[in-house]
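A.B. asks:
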Amino acid sequence: MSVNNVDKILSYVYPVSVESCKSLVLNKSLFYVDGCEVCGRCCIHEDLIFLPFEVDGMRDILSLSTKLDSSIHLGANIEYIQELVDSLQEFAVDVGNNKFVLYRSKLPYQIHIFDDRGVLKRCHWNIPVNDDKLGCGIHQVSSLTCKFPHVRFMYNKKNKTTHVGIMQYGRNWALKCPVKFVKEFRIETVENLINKFELLSKYCDYFQIDNYCSNILDVLRSVHTEDDIDRFCDKDILVNISKKRLFDV
Ligand code: SF4
Ligand code: SF4
Numbered sequence: 177m178s179v180n181n182v183d184k185i186l187s188y189v190y191p192v193s194v195e196s197c198k199s200l201v202l203n204k205s206l207f208y209v210d211g212c213e214v215c216g217r218c219c220i221h222e223d224l225i226f227l228p229f230e231v232d233g234m235r236d237i238l239s240l241s242t243k244l245d246s247s248i249h250l251g252a253n254i255e256y257i258q259e260l261v262d263s264l265q266e267f268a269v270d271v272g273n274n275k276f277v278l279y280r281s282k283l284p285y286q287i288h289i290f291d292d293r294g295v296l297k298r299c300h301w302n303i304p305v306n307d308d309k310l311g312c313g314i315h316q317v318s319s320l321t322c323k324f325p326h327v328r329f330m331y332n333k334k335n336k337t338t339h340v341g342i343m344q345y346g347r348n349w350a351l352k353c354p355v356k357f358v359k360e361f362r363i364e365t366v367e368n369l370i371n372k373f374e375l376l377s378k379y380c381d382y383f384q385i386d387n388y389c390s391n392i393l394d395v396l397r398s399v400h401t402e403d404d405i406d407r408f409c410d411k412d413i414l415v416n417i418s419k420k421r422l423f424d425v
């Protein structure tokens, strides 16, 4: 495993925690259209980490599929989810002063040849799913680290400020990610962000970390037009909360 995915998960959790963060800014770039082509160039071979509620969700899909007529499509490949569940190993991590149970899936890699990246070891689930195009075999139940490919939490330790946005340069150059972000308002982008931050909120709650996900979600749920982005972005969304905190002291 080249990347410690538990650390990667915590690198999303801490920048939105009440303890670390005094100012939180959503950059306008967060709302750019990020059309991931699920091409697999960034799907490195690493352990996938899941929380117990995600494993429960996978088991629910499996038990539902055995109850339902096989002609009913659940939007997920049941054989893949079964293989994933069978591969899970329970382990514990210390976060703060507490121990938490997590699940790790370690499965063999795939070899793919990309004309612009050469021969690469890729994630077990980076497989042809559509007309021989590569995709994610477990997209519906993929882990938090897979669901945030471009969202970046830029944390400034000095002033405890977190900026959340998406970044194309650097990562795209190194990984040859073909996505070009488009500065265009689409309500699907906002809905997608809401799903991501609802998931991050569940992770923070699981690790018992007080966090500002609900404030981020309040902003995201208030964005209905491009003008709303101008109203809420590039400014501290915690400013009223900080004032309240001053009065509370
Ligand atoms: S490299 Fe870019 S387009 Fe390809 S799977 Fe990763 S994020 Fe999506
Ligand atoms: S689980 Fe899916 S999205 Fe995540 S690395 Fe593997 S192929 Fe890519």
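Following our numbering, the numbering of the sequence shown begins with 177 at its first residue and continues without gaps.
Virtual Cβ for every residue (Gly too), placed ideally from N, Cα, C.
Only a predicted model underlies this, so the values are computations on that prediction, with no experimental measurement involved.
1) Using 8 Å for Cβ pairs, my map puts Val209 next to Glu360. What's the rounded Cβ distance?
2) Note the first and the last residue of the continuous beta strand (DSSP E) segment covering Ser199.
3) Cα separation between Cys389 and Val415?
4) Quick check: the region 372-384 against the region 217-230, are at least 3 beta-carbon pairs closer than 8 Å?
5) Note down, one range per segment and in chain order, each beta strand (DSSP E) of at least 3 residues found wholly within the region 206-249.
6) So, is Gln286 buried or exposed, given that buried needs 16 or more other C-beta atoms within 10 angstroms?
7) Using three-state DSSP, classify Asp406 as helix, strand or coil.
8) Taking 6 Å as the cut-off, is the C-beta of Pro304 nearer than that to any heavy atom in ligand 1?
9) Have a look at Phe408 and Ile289 and give me their C-alpha separation to the nearest angstrom.
10) In terms of alpha-carbon separation, which member of Asp404, Cys215, Ala252, Gly233 lies closest to Asp308?
11) What's the call for Val395, buried or exposed, on a 16-neighbour Cβ count within 10 Å?
12) Nearest-angstrom Cα distance between Ile392 and Lys372?
13) Compare the Cα-Cα distances from Pro191 to each of Asn387, Asp270, Asp262 and report the closest residue.
14) In the DSSP assignment, find the unbroken beta strand (DSSP E) run with Phe290 in it and report its ends.
15) For a test of the three-state rule: what should DSSP assign to Leu396, helix, strand or coil?
C.D. replies: Taking the definition as stated:
1) Stepping through the sequence shown from its first residue, residue 209 is reached at position 33. Stepping through the sequence shown from its first residue, residue 360 is reached at position 184. Contact flag correct, Cβ pair sits at about 5 Å.
2) Here the question's residue 199 lines up with position 23 in the sequence shown. That run of the beta strand (DSSP E) goes 199-202.
3) Here residue 389 corresponds to residue number 213 of the sequence shown, with the count starting at 1. Here residue 415 corresponds to residue number 239 of the sequence shown, with the count starting at 1. Between Cys389 and Val415, the C-alpha separation is close to 15 Å.
4) Yes: at least three Cβ pairs fall under 8 Å.
5) You should have 224-226.
6) Taking the first residue of the sequence shown as 1, we reach residue 286 at position 110. With 16 or more Cβ atoms within 10 Å of its Cβ, Gln286 is classed as buried.
7) Taking the first residue of the sequence shown as position 1, residue 406 is located at position 230. DSSP, reduced to helix, strand and coil, places Asp406 within a helical segment of the structure shown.
8) Counted from its first residue, the sequence shown places residue 304 at position 128. The answer is no for Pro304.
9) Within the sequence shown, numbered from 1, the residue matching residue 408 stands at position 232. Within the sequence shown, numbered from 1, the residue matching residue 289 stands at position 113. Going by the C-alpha atoms only, they are around 43 Å apart.
10) In the sequence shown, residue 308 corresponds to position 132, counting from 1. For Asp308, the closest of Asp404, Cys215, Ala252, Gly233 by C-alpha to C-alpha distance is Cys215.
11) Stepping through the sequence shown from its first residue, residue 395 is reached at position 219. Residue environment: Val395 is assigned as buried (16 or more neighbouring CB atoms within 10 Å of its CB, all protein chains considered).
12) Here residue 392 refers to the residue found at position 216 of the sequence shown. Here residue 372 refers to the residue found at position 196 of the sequence shown. Distance between the alpha carbons of Ile392 and Lys372 is about 11 Å.
13) As a working mapping, residue 191 is identified with position 15 in the sequence shown. Nearest C-alpha to Pro191: Asn387.
14) Sequence index remark: in the sequence shown, residue 290 carries index 114 (1-based). Its beta strand (DSSP E) spans residues 286-290.
15) Position 220 of the sequence shown, counted from the start, is the residue given in the question as residue 396. Helix.
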